[in-house]
Amino acid sequence: MINLLWLLPLFPLIGFLILALTGEKLSKPAVAWVGVGSVGLSALLTAFIGAEFLAGNRDSYQVVLGSWMAVGDFSVNFGLYLDALSVTMLFVVTGVGFLIHLYSAGFMEADAGYARFFAYMNLFVFAMLVLVLADNLVMLYLGWEGVGLGSYLLIGFWYQNPDNGYAARKAFVMTRVGDTSMALGLILLFTHLHTLDIQSLMLDAVNQWDAGTQLPVVAAALLLGGALGKSAQLPLQTWLPDAMAGPTPVSALIHAATMVTAGVYLIARTHELFILAPPVQFAVSLIGAATLLLAGCSALVQTDIKRILAYSTISQIGYMFLALGVGAWSAAIFHLLMHSFFKALLFLAAGVVIYCFHHEHNIFKMGGFRKAMPVAFWSFLIGGSALAALPFTSGYYSKDEILLAAFAVSPGLWAAGCLGALITGIYSFRLVFVVFFGPQRAEVKEVIGWRMILPLVVLCMLALFGGILSVLQIPLESVFQLPVEGGEHHGFSFVRVVTIAGPITGLAIAVLFYLTGTFSTQRLNAVHWLKLLQQFWFSGWGLDSFYNALLVRPFKRIAELNKNDVVDSAYLGIAQISMGFHYLASASQTGRLRWYAASMGFGAAVIIAIGLLS
Amino acid sequence: MILFALIAVLFFGGIAAWFSERWSPDAPRWISLLILAVEALLVFLQYSIIDPVDYMTAGGFTAWIADLKWLWIPRFGISFHLAMDGLSLLLITLTVFLGFMAVSSSWSEIRNRQGFFFFNLLFCLAGTVGVFLAVDLFLFFFFWEVMIIPMYFLISIWGHEKRTAAAIKFFIFTQVSGLLMLLAIVTLALIYRGNTGIYSFDYFDLLETTLAPDIAYWLMLGFFIAFTVKLPSVPFHTWLPDAHTQAPTGGSVILAGVMLKTGAYGLLRFVIPLFPEAAHQFAPVAMTLGAVSVLYAAVMAFAQSDLKRLIAYTSVSHMGFILLGIFSWNLLALQGSVVTMLAHGISASALFMIAGALQQRLHTREMGNMGGLWAKIPQLSAMTLFFAIASLGLPGLGNFIGEFLVLLGAFKVNVVLTVLSALVLILAPVYALIVLQKAFYGPLQQSYQLSDFGRRERLSMMLLVLSTIWLGLHPQTVLNVAEPSLQQAMNCCQGIEQ
Chain A
1 MINLLWLLPL FPLIGFLILA LTGEKLSKPA VAWVGVGSVG LSALLTAFIG
51 AEFLAGNRDS YQVVLGSWMA VGDFSVNFGL YLDALSVTML FVVTGVGFLI
101 HLYSAGFMEA DAGYARFFAY MNLFVFAMLV LVLADNLVML YLGWEGVGLG
151 SYLLIGFWYQ NPDNGYAARK AFVMTRVGDT SMALGLILLF THLHTLDIQS
201 LMLDAVNQWD AGTQLPVVAA ALLLGGALGK SAQLPLQTWL PDAMAGPTPV
251 SALIHAATMV TAGVYLIART HELFILAPPV QFAVSLIGAA TLLLAGCSAL
301 VQTDIKRILA YSTISQIGYM FLALGVGAWS AAIFHLLMHS FFKALLFLAA
351 GVVIYCFHHE HNIFKMGGFR KAMPVAFWSF LIGGSALAAL PFTSGYYSKD
401 EILLAAFAVS PGLWAAGCLG ALITGIYSFR LVFVVFFGPQ RAEVKEVIGW
451 RMILPLVVLC MLALFGGILS VLQIPLESVF QLPVEGGEHH GFSFVRVVTI
501 AGPITGLAIA VLFYLTGTFS TQRLNAVHWL KLLQQFWFSG WGLDSFYNAL
551 LVRPFKRIAE LNKNDVVDSA YLGIAQISMG FHYLASASQT GRLRWYAASM
601 GFGAAVIIAI GLLS
Chain B
615 MILFALIAVL FFGGIAAWFS ERWSPDAPRW ISLLILAVEA LLVFLQYSII
665 DPVDYMTAGG FTAWIADLKW LWIPRFGISF HLAMDGLSLL LITLTVFLGF
715 MAVSSSWSEI RNRQGFFFFN LLFCLAGTVG VFLAVDLFLF FFFWEVMIIP
765 MYFLISIWGH EKRTAAAIKF FIFTQVSGLL MLLAIVTLAL IYRGNTGIYS
815 FDYFDLLETT LAPDIAYWLM LGFFIAFTVK LPSVPFHTWL PDAHTQAPTG
865 GSVILAGVML KTGAYGLLRF VIPLFPEAAH QFAPVAMTLG AVSVLYAAVM
915 AFAQSDLKRL IAYTSVSHMG FILLGIFSWN LLALQGSVVT MLAHGISASA
965 LFMIAGALQQ RLHTREMGNM GGLWAKIPQL SAMTLFFAIA SLGLPGLGNF
1015 IGEFLVLLGA FKVNVVLTVL SALVLILAPV YALIVLQKAF YGPLQQSYQL
1065 SDFGRRERLS MMLLVLSTIW LGLHPQTVLN VAEPSLQQAM NCCQGIEQ
């Protein structure tokens, strides 16, 4: 089975080609069969390959499909690489991806651009599979840019609204900032190590470079730049909340489960390099901690159901970065896996609410939907519990591991993580309570087909039990060659109590504010500085306006000022001067005899004078 | 003999196309198509008989695959000397391929004086093929002029509202810079005569000329300016946006796709091999100009509201990469430059054809007057999307390979300029995606009656798409053909490499 690995990306690619070439000519059921079926085939194949891989001796598998380019000593292949890390990612991309595709078949059915939607989705899955299977960094970059394109196309899917187009371009350009840094990292790595094959590159780096020296630090920092853009971490995170302009299944697939975790994957994939660059690795953990707090605070005050989830995604990826930064590689990947379950679940459930509630996003126009929308309610309850990491849900296991590993490195990072967990508890249940509890504020009816219900049910199961399912305990030690981190903290220590208490306290606060109404947010709003703080958080810590003032507006201004190209004025000047001479010369041609006679006489006098004087 | 035929077919074909107009007003375009088919056959033939030219092997020039030398003006050592290597073969292939595209895009656009139009079109191509083949400097200059004059007519007769001014601007820029080159050529030949006692304009003779460093520097500058005006690079680029905006679509295709490449070809073939030390000394300046072009033109492109003007500025930006690559002078960067020449030729032509198709349908190039077109003409919109992302350097498509290799090679030579040039990766989506937004997304501006691509346009676009993907996924075909020529060019100035 494993030798059929090359088929994995091929299925969605074929799906994309069929849908792109036939356009909207296929009937909607046919489009759904192609679009969902192609990813379904990949998911099925992933199941077989994954089972075979896990049952076997778990040796990595590498296959070269062909040569891409070779110039001198620079040669790049189309090569695939499979190990426990890529298997984990495959489960996410094809497994969760398939569920989301199935859901989309129902969710998007009424849309005129059905075929275009699935074409873009399949293209995205293809690129994502290339990204996680690539055996060299150039091919990884191919997938990396490909997912960026897919993200751009799908955020701007409803193109009639210019705001969506703006959000799409913002996402593409901001991630391109990171991508450029990553491309430079690739160039630097090749220039010094003469290969871009990931495995040999890492081996060479470890053998040739000393830890903490300039080259590995710069190279790791450049790759980190790429990861920050794609994974929406500080300071490149502002595109993600706006990316919610896309259809909700897109947010679930691209902006929660798969693409935004690509940065985590990249760092895990090149973790040997990051170990050689301790300052950069420390920066990863600091950025992770800062991002998870910042985004958590913003999530607290949002009113748009999808923006809450978007900020929570940024925050959860912050946890993954924190884990990467403290060297808890497998904890990061484990959280990535769990997060893909519960966050996809939350987004799809949000999709149900939006779908049945006339595309309304404001949670304060919702309320008391518990009875009217049982599927969405239970999905939100389970997803929210897992997001908040309440004990025994999937998120609990992964976040617990991260926090314990963080404590082993620095109590400060651990404290930030615990504070973040508290905030997560508050905003998760604020969302659940506001939307589903209290008096019912509007008449809604949950009318959804099996194609939307089934993925929700499966994801509910995964979000609940994902942490204890033995199938999902993928042996990542074979990739990271390290013992499982934080193992020594088992038992009933202070650290453990606080770690578990964080989310529960958050839940309690949410109950008091939003369920029982014991405390009221209005009282908080009455305090002036709190109100200001809330606005500051709501705007995403003012970073958008900061970038606008610092970069976007000056750039536009300069471009607009120089629209007519200042360089051209030099040539226009030459043309003007020639014209001037022309007018001067033509002015002398007056047709008056006395002028000609006078000028002839004057000219003759000058020439004689010159002759006499020289 | 094939070499001569490559030029002669287009030359006489052009005359035939002109005269065929008497027969039927539509005959010229069919004749042109036929002529290009014959030309394509010849090029194909040339691919099958790649064998090194023997007699030049003695001089160390093994990369040449065909050669033809007839006496022309023996008194001054001027001969009709053509030679072909992988580089010229690739560029001629591009010329013929885009020749088809130019004919296709003029098919229904040109309605008056078709005979003279296609005559000029084919003459332009003939001149370009001549430029890529000539290895006698006098002959080279001759073809250089042959290529410019028909283009002047194409712009000034069949152009748009401000065609006369644009055509004159184009003509003066290329003519003044051509004069500098002519001066440099004659001076070089005279110095050669001073050294050896015989007149010669032959490339292979002049390669051996020993020059005083300061003279070499000035001569090099003469050639350099002529070629960078053509390329074009900042600060000589301002003729290009005007020429492109006003040119008919077929003219734009040839101008952007092929003619700009003669500048790059000249730098690669003449400037550096003839004056290696001077060029090496000058490299930092040239590379800086390249990097400035890359960034400056990208910002300029973003500011434009005229679609063709925008595309013209993106051309300048991409050509900056070629300048950067050529003066880095290592195999990676040179290969990158060659791939960029081909990939840009294809993608820019495609974008100009799209702009032309839009202008034919909407009678405007102003993107402010477009909007929401995706709903009306999805195929045309999807094609624009494809070539927009090709031009912003998406991996898997041709332009990425070229730019990545250039950056990879240039990094070894000058880190700062490479990093600066790489910043265009951020600017490129800014200008490329704004086109999609303004023209194709958003609400529909007017209730148009628009037709999507017809069969001819669809076929042309598919060919351009496939070749862009081919260059992106299997650039090796091109890299292999170009490698011997580049290796040879590098060998002849190995001495000064660091």
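Protein sequences, first through last, are from chains A and B.
Per this note's numbering, the first sequence starts with residue 1, numbered consecutively.
Per this note's numbering, the second sequence starts with residue 615, numbered consecutively.
From the three backbone atoms N, C-alpha and C, an ideal C-beta is built for every residue, glycine too.
Check, Outcome
"Based on the DSSP secondary-structure assignment, which residues constitute the bridge partners of VAL76 (chain A)?", "A:MET69"
"Along chain B, in chain order, which residues have C-beta atoms closer than 9 Å to that of ASN122 (chain A)?", "Residues of chain B passing the Cβ test: none, with the nearest at roughly 15 Å."
"In terms of DSSP beta bridges, what is TRP678 (chain B) paired with?", "B:ASP699"
"Of the residues that make up the segment 960-984 of chain B, which ones have a beta carbon closer than 8 Å to any beta carbon in chain A?", "none"
"Which stretch, first to last residue, makes up the alpha helix (DSSP H) that contains LEU530 (chain A)?", "528-538"
"Against chain B, which members of the segment 268-289 of chain A pass a CB distance test of less than 9 Å?", "none"
"If you reduce the DSSP assignment to three classes, tell me which class ASP304 (chain A) lands in.", "strand"
"On a CA-only basis, which of A:ILE287, A:SER60 and A:ASN3 is nearest GLN316 (chain A)? Give me that one, please.", "A:ILE287"
"Whole angstroms is fine: what's the gap from THR823 (chain B)'s alpha carbon to ALA957 (chain B)'s?", "35 Å"
"By the three-class DSSP mapping on this structure, what secondary structure does ASP59 (chain A) have?", "coil"
"I believe ILE805 (chain B) touches PHE784 (chain B) by the beta-carbon criterion, under 8 Å. Please report the beta-carbon distance rounded to the nearest angstrom.", "So it is not a contact: roughly 32 Å between Cβ atoms."
"Considering only the beta carbon of each residue, do GLN160 (chain A) and GLY982 (chain B) sit closer than 9 Å?", "no"
"Just curious, the alpha helix (DSSP H) that ASP819 (chain B) is in, first and last residue?", "817-820"
"Who pairs with ASN548 (chain A) in a beta bridge, going by DSSP?", "Answer is none; ASN548 (chain A) lacks a bridge partner."
"Taking LEU240 (chain A) and ALA232 (chain A) to be in contact with their CB atoms under 8 Å, please state how far apart those CB atoms are, rounded to whole angstroms.", "4 Å"
"Within 9 Å of any Cβ in chain B, is that where the Cβ of ILE2 (chain A) sits?", "no"
"Taking C-beta to C-beta, are ALA243 (chain A) and LEU322 (chain A) nearer than 9 Å?", "no"
"For GLU775 (chain B), decide whether its Cβ has a neighbour in chain A, counting only Cβ atoms nearer than 9 Å.", "no"
"In angstroms, rounded to a whole number, what distance separates the CA positions of THR788 (chain B) and LEU656 (chain B)?", "30 Å"
"Anything in chain A within Cβ reach of ALA917 (chain B), meaning under 7 Å, just list it in chain order.", "ALA559, GLU560, ASN562 and LYS563"
"Using three-state DSSP, classify GLU145 (chain A) as helix, strand or coil.", "helix"
"Under the three-state reduction of DSSP, which class applies to ALA110 (chain A): helix, strand or coil?", "coil"
"Can you find at least 3 beta carbon pairs, one from the segment 101-108 of chain A and one from the segment 442-455 of chain A, that sit closer than 8 Å?", "yes"
"What does a CB cutoff of less than 7 Å around SER718 (chain B) pick up in its chain, not counting 5 residues either side in sequence?", "ARG1070 and SER1074"
"Compare the C-beta of GLY1133 (chain B) with all C-beta atoms of chain A and state if any pair is closer than 9 Å.", "No answer is possible for residue 1133 (chain B): it lies beyond the span of chain B, which begins at 615 and ends at 1112."
"In three-state terms, what does DSSP make of TYR355 (chain A)?", "helix"
"What residues from the segment 881-915 of chain B come within 7 Å of chain A, judged by C-beta to C-beta, listed N to C?", "VAL913 and MET914"
"If you measure from the beta carbon of GLN1051 (chain B) to each beta carbon in chain A, is any gap under 9 Å?", "yes"
"Check this for me: beta carbons of VAL952 (chain B) and ALA1096 (chain B), under 9 Å apart or not?", "yes"
"Just the Cα atoms here: how many angstroms apart are LEU903 (chain B) and PHE1018 (chain B)?", "19 Å"
"For SER67 (chain A), return the contacting residues in chain B, with the cut-off set at a CB-CB distance below 8 Å.", "GLN1090"
"Please report the distance separating the alpha-carbon of TRP684 (chain B) from that of ALA748 (chain B).", "12 Å"
"Would you say GLY1010 (chain B) lies against chain A (beta-carbon separation less than 9 Å)?", "yes"
"Have a look at GLU360 (chain A) and THR1082 (chain B) and give me their C-alpha separation to the nearest angstrom.", "43 Å"
"Could you check whether GLY150 (chain A) and LEU129 (chain A) sit closer than 9 Å to each other, using their CB atoms as the reference points?", "no"
"Going by DSSP, name the residue or residues bridged to TYR81 (chain A).", "A:GLN62"
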